[in-house]
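This report refers to the structure that appears directly beneath it.
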Amino acid sequence: MMDLSQLVTKNLPIYKKGKVASYIPMLAKVDPQQLGISLFDLTTNKISSAGNYNVRFAIESISKVITLLWAIKKLGMTEVFKHVSSRQTGFAFNSILNMEINKTKAPLNPFVNAGAILTTSLVANKDTFTDILNFAQEICNDSQIYLDEEIFHSEKSTGNLDRSLAYYMKSKNMIKSNVTLSLDIYFKQCSMMITTKSLANLGALLANDGIAPWNNHRLISSNAATCVKSLMMTTGLYNQSGICSRLIGVPTKSGVGGGLLSAAPRKYGIGIFSPALNKDGNSVAGLALLKDVAQELRINIFR
Ligand code: GLN
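Under numbering that gives the first Met the number 0, the sequence shown has 254 at position 255, and the numbering climbs by one with no breaks.
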């Protein structure tokens, strides 16, 4: 039987190889010396946790999974993917270059910033953030998820790169709705506060074909669950997606708050938190822990 606490103790020191995100001032204040994990086992329907699993942290880019699921629910898969592509990226998560160089009519995929902002813009209205927050609470089985106003204002006041991506897409007529409103929703969705348990639940929902294992209700369609897992595998860790596909082999989405959401189909949902990041913007100790857990549980999906 795997000892999660032991694996946390083993991998915690790896945080020293990374740095907390500093381009969002509020994130720079987070203590880097943290590592936590929650594992939802679909055979027993139980969660086990270790380390800093009770700490709330900013969801950041993992919210892109939630807004994509929300947009698919509202508009349907075909409509959403008319506006955003599903290609792998060779650029950083906040790059504007690729759209300009390739003269693309749609951002690369829903998990780079441009694609996520565009996805949010597709569903943007004055109630959208409340809808997304409620939806996040439902699919993460966590009614305590809340908006951290300080992080939101920190993101909004420094988010000039995200603003430039949005206005670039507006100028090319990719974004049709109000840019300011879409950006506000995007910055707010990134500032939702979660724990590793919230992520383990969401991972378990995705791994269980869209049916919540905690109440047996279908919360998202089977197609949406499959689509999101495929995108997590190919683009969820940005430029590290290929390497992690080889080394870990479990669909995973990261956020610069230090979170990792993983879904091992039909087996486990996994949530990990460790705020120090590598140069690709992924949790450095978190990925090391995920690699160990995936090996112990033999959940590489290509096995
Ligand atoms: N809020 C962050 C940003 O827009 C999210 C990036 C991330 O988590 N990779 O830059």
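Beta carbons are placed, not taken as given, at the ideal position from N, Cα and C, and that holds for glycine. Just so it is clear, the structure is predicted and the values come from calculations on it, not from any experiment.
Cβ neighbour criterion (16 or more within 10 Å) applied to residue i
i    : result
W213 : exposed
F151 : buried
K228 : buried
I242 : exposed
K125 : exposed
L198 : buried
Y185 : buried
L96  : exposed
G235 : buried
S221 : exposed
K15  : exposed
S60  : buried
Near the ligand GLN: residue i beta-carbon under 7 Å from a heavy atom
i    : result
S197 : no
G114 : no
D30  : no
S60  : yes
V19  : no
S255 : Per the sequence presented here, residue 255 reads as Val, with Ser not at that position. Yes, the beta carbon of V255 sits closer than 7 Å to at least one heavy atom of the ligand GLN.
E154 : yes
F92  : yes
Same chain, Cβ closer than 7 Å to residue i, five either side skipped, listed in chain order
i    : result
Q136 : S142 and I144
L230 : S85, N108, P109 and F110
R162 : L182
T157 : Y22, I23 and P24
Chain-order list of residues whose beta-carbon lies under 8 Å from that of residue i (same chain, five-residue window excluded)
i    : result
Y166 : V178
Beta-carbon contacts of residue i that lie in its chain and below 6 Å, excluding the five residues immediately before and after
i    : result
I210 : R217
S4   : A49
L29  : Before going further, note that residue 29 is Val rather than Leu in the sequence given. Closer than 6 Å at Cβ, skipping near neighbours: V19 and P274.
I71  : V79 and A223
I219 : L68 and G209
C139 : S197, N200 and L201
Any chain D beta carbon closer than 8 Å to residue i
i   : result
K45 : In the structure shown, chain D does not exist; there is a single protein chain.
Contact check, residue i vs residue j, beta carbons under 8 Å
i    : j    : result
Y267 : I298 : yes
G257 : S282 : yes
L11  : A293 : no
V7   : K73  : no
A263 : A206 : yes
A57  : C226 : no
V83  : A105 : yes
I271 : T194 : no
T119 : T66  : yes
I36  : A287 : no
Residues sharing a beta bridge with residue i, DSSP
i    : result
L38  : S47 and I269
T8   : DSSP output for T8 lists no bridge partner at all.
S20  : Inspection of the sequence shows that residue 20 is occupied by Ala rather than by Ser. Answer by DSSP bridge pairing: none, since A20 is not bridged.
T251 : S261
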